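*Asks:*
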Amino acid sequence: MICSPRNTILGLVVMLILATCFCGCTGSQTTATRNVTGNEPAGEIVTITDAYGREVTVPVNPTRVVCSGAGCLRLITYLEGSDLVVGVDNIDKADNSYSEKEYNARAYYLAHPEYASLPLIGNHHSDDNPENIVLCNPDVIFRTNGATAALSDEELQEKTGIPVVGLNYGDPTANREALYDSLRLMGTVIGKEDRADEVVAFLEAQIDDLAGRVAGVNPTNPVTVYVAGISSRGPQGFQSTSPTYAPFEYINANRFNVANNPDNPAAQVDVAKEKILDWDPDVIFVELGTVQINPDAIDMMRTDESLRILKAVQNGEVYGLVPYNWYSYNYGTAIISAYYAGTLMYPEQFSDIVIEEKADEIYTFLVGKPVFDDISRRFEGLAYCRITL
Numbered sequence: 401m402i403c404s405p406r407n408t409i410l411g412l413v414v415m416l417i418l419a420t421c422f423c424g425c426t427g428s429q430t431t432a433t434r435n436v437t438g439n440e441p442a443g444e445i446v447t448i449t450d451a452y453g454r455e456v457t458v459p460v461n462p463t464r465v466v467c468s469g470a471g472c473l474r475l476i477t478y479l480e481g482s483d484l485v486v487g488v489d490n491i492d493k494a495d496n497s498y499s500e501k502e503y504n505a506r507a508y509y510l511a512h513p514e515y516a517s518l519p520l521i522g523n524h525h526s527d528d529n530p531e532n533i534v535l536c537n538p539d540v541i542f543r544t545n546g547a548t549a550a551l552s553d554e555e556l557q558e559k560t561g562i563p564v565v566g567l568n569y570g571d572p573t574a575n576r577e578a579l580y581d582s583l584r585l586m587g588t589v590i591g592k593e594d595r596a597d598e599v600v601a602f603l604e605a606q607i608d609d610l611a612g613r614v615a616g617v618n619p620t621n622p623v624t625v626y627v628a629g630i631s632s633r634g635p636q637g638f639q640s641t642s643p644t645y646a647p648f649e650y651i652n653a654n655r656f657n658v659a660n661n662p663d664n665p666a667a668q669v670d671v672a673k674e675k676i677l678d679w680d681p682d683v684i685f686v687e688l689g690t691v692q693i694n695p696d697a698i699d700m701m702r703t704d705e706s707l708r709i710l711k712a713v714q715n716g717e718v719y720g721l722v723p724y725n726w727y728s729y730n731y732g733t734a735i736i737s738a739y740y741a742g743t744l745m746y747p748e749q750f751s752d753i754v755i756e757e758k759a760d761e762i763y764t765f766l767v768g769k770p771v772f773d774d775i776s777r778r779f780e781g782l783a784y785c786r787i788t789l
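Be aware that the sequence shown starts at 401, since it is given in the numbering used here, and climbs by one per residue.
#1: Give the DSSP-derived three-state secondary structure of Phe685 in the structure shown.
#2: Would Leu610 pass as a contact of Ile651 if the rule is Cβ separation under 7 Å?
#3: Could you give the DSSP three-state label for Arg434: helix, strand or coil?
#4: With 16 as the cutoff for other CB atoms within 10 Å, does Glu444 come out buried or exposed?
#5: In three-state DSSP terms, what is Thr610?
#6: Starting from Thr733 and walking both ways along the alpha helix (DSSP H), at which residues does that stretch end?
#7: Below 8 Å on the Cβ atoms is my contact criterion, and I expect Trp679 with Val658 to pass it. Report the Cβ-Cβ distance as a whole number of Å.
#8: Can you name the start and end residues of the beta strand (DSSP E) that Gly720 belongs to?
#9: So, for Gln557: in the same chain, excluding its five sequence neighbours on each side, which residues have a beta-carbon less than 7 Å away from its beta-carbon?
#10: Alpha carbon to alpha carbon, how far is His512 from Thr477? Give it in angstroms, no decimals.
#11: Relative to the C-alpha of Ile676, which residue among Cys467, Leu579, Pro635 and Met700 is closest?
#12: For Ala547 and Phe750, I'd like the C-alpha separation in whole angstroms.
#13: When the Cα atoms are used, what is the spatial distance from Gly469 to Gln692?
#14: What are the complete beta strand (DSSP E) segments, minimum 3 residues, inside the segment 450-499?
#15: Between which two residues does the alpha helix (DSSP H) harbouring Ala507 extend?
#16: In the DSSP output, what is Arg543 paired with across the bridge?
#17: To the nearest angstrom, how far is the alpha carbon of Gln429 from that of Tyr763?
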């Protein structure tokens, strides 16, 4: 596919009374195994152990929850628990600059626009407002950034009187088991154990399929690749890259990554332009989070005379990727990007893949809707296609 150019709390009892009006209107871990039939008497509780070893007593079958921190709302969406959510942080509020921007790679949010109308619980990365949370009257608070937040999980629990379950979000490669443990833990708390197992199995099946396609494959003339525009606390330009790009890990392709450096296995580094010129990769991938800045990585390839001589630029071998790290890791997107990269680096092994169909298969399973077209539109139609310079 070819893309066209893109031209303290005030008194808990009082607060809980107010809650009815405000919200009603509008590490390794183990988990407790529940014997839950779905007909438990009101007020029944269960004790679980969260991702950070805290024993937390939670109600059985909670009906109201909030998810605090990067990626937390994504996890409950994966578990088909969106109807339980009664408040969100500022990243997911429609009246916030983060959500007003055209660019948005959070598939869970695009699939569930109702999140934007929910009450505000605080700022992103678990910078929570305890009073706001109490007003929402949740049964449980799930939290992914408690270890680094101003209020620890225990402190937030003390201030609100609401159980706080800490989750470890993991990462797409070396620490996926932490993600899977957190999905199962969240599933245990909200009564979605089977769905949690389904999500884990689905993700692993995709990753196994990717690995199986390239097992034992050693291209005679492998292409060399460079990934530009890797985000790091915001959008970055052409010289921001990843020596250990997660989608490449799934298809054994970091061996072709010119920035790969076993002595520096960082997820993101900035490299000198002269180094990129020396590498002169055959193919350049651009993570499209870069388009939020000016000049972005694509602009630089158009206007910087030294970059224009790169053979990938000269030969039109420049391709757009949806950024998989957008308010933490978008696990589905990382897998989709691996499939797309596979079609270019291992064309024979991925000849059956139609990337738009594969993307919507994955997004529909994980977030409930086929949102690829929406994501692509938000990135100027440059997602998973050749970029015309």
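Ideal Cβ positions, reconstructed from N, Cα and C, are used throughout, including at glycine.
Small disclaimer: the values here were computed from a predicted structure and weren't measured.
*Replies:* Short version:
#1: Locating residue 685 in the sequence shown gives position 285, counting from the first residue. Strand, per DSSP.
#2: For the purposes of this step, residue 610 is taken as residue 210 along the sequence shown, with counting starting at 1. For the purposes of this step, residue 651 is taken as residue 251 along the sequence shown, with counting starting at 1. It is a contact, given that the beta carbons lie within the stated cut-off.
#3: Walking along the sequence shown from the start, residue 434 turns up at place 34. Annotation note: pLDDT 37 at Arg434 (below 50); position unreliable, no value reported.
#4: Here residue 444 refers to the residue found at position 44 when the sequence shown is read from its first residue. Exposed, by the Cβ-count rule.
#5: Residue numbering aside, residue 610 sits at position 210 when the sequence shown is read from its first letter. It is worth fixing the name first, because residue 610 is Leu in this sequence and not Thr. Here Leu610 sits in helix by DSSP.
#6: By 1-based counting over the sequence shown, the position of residue 733 is 333. First-last of the alpha helix (DSSP H) with Thr733: Tyr731 to Met745.
#7: Numbered from 1 along the sequence shown, position 279 holds the residue referred to as residue 679. Numbered from 1 along the sequence shown, position 258 holds the residue referred to as residue 658. The pair is a contact, with the Cβ atoms about 4 Å apart (cut-off 8 Å).
#8: Within the sequence shown, numbered from 1, the residue matching residue 720 stands at position 320. Where Gly720 is concerned, the enclosing beta strand (DSSP E) stretches over Val718 to Leu721.
#9: As a first step, residue 557 is located in the sequence shown; it is residue number 157 there, counting from the start. Hits under 7 Å: Pro563 and Val564.
#10: Against the sequence shown, residue 477 aligns to sequence position 77. Against the sequence shown, residue 512 aligns to sequence position 112. Near 9 Å, if we compare the C-alpha coordinates of His512 and Thr477.
#11: Residue 676 sits at position 276 when you count from the first residue of the sequence shown. Residue Met700 is the option with its Cα nearest to Ile676.
#12: For the purposes of this step, residue 547 is identified with residue 147 of the sequence shown, where counting begins at 1. For the purposes of this step, residue 750 is identified with residue 350 of the sequence shown, where counting begins at 1. About 41 Å.
#13: Mapped onto the sequence shown, residue 469 falls at position 69. Mapped onto the sequence shown, residue 692 falls at position 292. Using only the alpha carbons, I get a separation of about 23 Å.
#14: 455-459 and 465-468
#15: As a position in the sequence shown, residue 507 is number 107, starting the count at 1. Ala507 to Ala511 is the extent of the alpha helix (DSSP H) around Ala507.
#16: Within the sequence shown, residue 543 is the residue found at index 143, counting from 1. In DSSP, Arg543 forms a bridge with Ser468 and Gly566.
#17: One-based indexing of the sequence shown puts residue 429 at position 29. One-based indexing of the sequence shown puts residue 763 at position 363. Bear in mind that a pLDDT of 40 at Gln429, under 50, signals an unreliable position, so the model cannot answer this.
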